[in-house]
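Residue 146 is where the sequence shown ends in UniProt numbering, and the numbering goes up by one at each step.
Heads up: the structure comes next, in structure tokens.
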Amino acid sequence: STVYVLNGPNLNLLGLREPEIYGSDTLDDIAAALEDQARGLGLEIELRQSNHEGHLIDWLHEANAEGAKGVILNAAAFTHTSVALHDAIKAITVPVIEVHLSNPHKREEFRHKSFIASAARGTIAGFGALSYTLALDAIARF
Ligand code: DQA
Numbered sequence: 005s006t007v008y009v010l011n012g013p014n015l016n017l018l019g020l021r022e023p024e025i026y027g028s029d030t031l032d033d034i035a036a037a038l039e040d041q042a043r044g045l046g047l048e049i050e051l052r053q054s055n056h057e058g059h060l061i062d063w064l065h066e067a068n069a070e071g072a073k074g075v076i077l078n079a080a081a082f083t084h085t086s087v088a089l090h091d092a093i094k095a096i097t098v099p100v101i102e103v104h105l106s107n108p109h110k111r112e113e114f115r116h117k118s119f120i121a122s123a124a125r126g127t128i129a130g131f132g133a134l135s136y137t138l139a140l141d142a143i144a145r146f
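Given below as structure tokens:
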């Protein structure tokens, strides 16, 4: 079965973007690591990135309609703004794990509020690219 890995705004710039906060791994590096890990778990990875909120909503609906095993969602800055993403997660039954590379609670006050957290199955934050690995490991055990 398939695990969707959905990435929000500015994550296309991973590796170049504030590497002291987000690390030097690119999204392609993370995709390659997850694909290796998924192979060992007998899972498929469908990794996508968009800078547009509506695409993320459509992909959550798609993951649900396709019967995905789970969704790993790094909604990036939309985490802190999007009632629409909150509602999309509530509207579907596929389990969604919220992930962040950084630990938003150690950063600016405006990152302390997550609209995703109360709708997601759980949250993994602060471990860099390892946050994604841990999330995939959790989904494999569902
Ligand atoms: C992020 C944290 C968010 O606060 C920020 O807007 C991002 C990335 C992370 O992975 O650490 O774009 O989701």
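Each residue gets a CB set at the ideal place from its N, CA and C atoms; glycine is no exception.
Using DSSP bridges, identify the partner residues of Thr83. Paired residue(s): none; Thr83 is not in a bridge.
Quick check on this structure: which residue in His116, Pro108, Ile143 has the alpha carbon closest to the alpha carbon of Arg125? Ile143
Using CA atoms only, rank isn't needed, just tell me which of Thr85, His59, Pro13, Asn11 is closest to Phe114. Thr85
For Gly71, count neighbouring C-beta atoms within 10 Å of its own C-beta (all shown protein chains included) and say buried if the count is 16 or more, exposed if not. exposed
Is the CB-CB distance between Val98 and Leu51 below 7 Å? no
Since Arg125 is in the alpha helix (DSSP H), which residue starts that stretch and which ends it? Note, Arg125: premise wrong, no alpha helix (DSSP H); not H, not E.
Can you name the start and end residues of the beta strand (DSSP E) that Gly74 belongs to? 74 to 78
Report the option in His56, Ala80, Gly46, Trp63 whose CA atom is closest to the CA atom of Lys117. Ala80
At the level of alpha carbons, what is the spacing between His56 and Leu15? 12 Å
Close beta carbons around Asn68, own chain, < 6 Å, minus the five adjacent residues each side: Ile96, Val98
Give the straight-line distance between the Cα atoms of Lys73 and Leu138, rounded to the nearest whole angstrom. 15 Å
What does DSSP give as the partner residue(s) for Ala42 in the beta ladder? Partner(s): none; Ala42 has no beta bridge.
Among Gly19, Thr6, Leu64, Ile25, which has the Cα closest to the Cα of Glu112? Ile25
beta-carbon Arg43 near ligand 1 non-hydrogen atom, thresh 6 Å: no
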